[in-house]
Amino acid sequence: MAEMTDDDRRQLVERFWDKLNDRDFAAVGAMMSEQGHYIDVPLVGAEPGAYGP
0 MAEMTDDDRR
10 QLVERFWDKL
20 NDRDFAAVGA
30 MMSEQGHYID
40 VPLVGAEPGA
50 YGP
């Protein structure tokens, strides 16, 4: 995988938020890694979170 530039990372985050704002959850899920760990509200001990898309 090629090294991402700051501009690449910015564009990725903007695409993510655009899809989330569009409520395109399939597209948001497609941006997640199978090994990714997602926590909606990062409070220690409050929520175990979810893995993958």
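Okay, so the sequence shown: first residue is 0 according to numbering that gives the first Met the number 0, each after it adds one.
Glycine is no exception: its CB is placed at the ideal position from the N, C-alpha and C atoms.
Exercise. Between which two residues does the alpha helix (DSSP H) harbouring Val43 extend?
Worked result: First-last for Val43: undefined, no H or E at that position.
For this session: Could you tell me the distance, in whole angstroms, from the CA atom of Arg14 to the CA atom of Met31?
Result: 13 Å
Problem set entry | Contacting residues, own chain, Cβ-Cβ under 6 Å from Lys18 (five flanking each side not counted) | Ala26 and Val27
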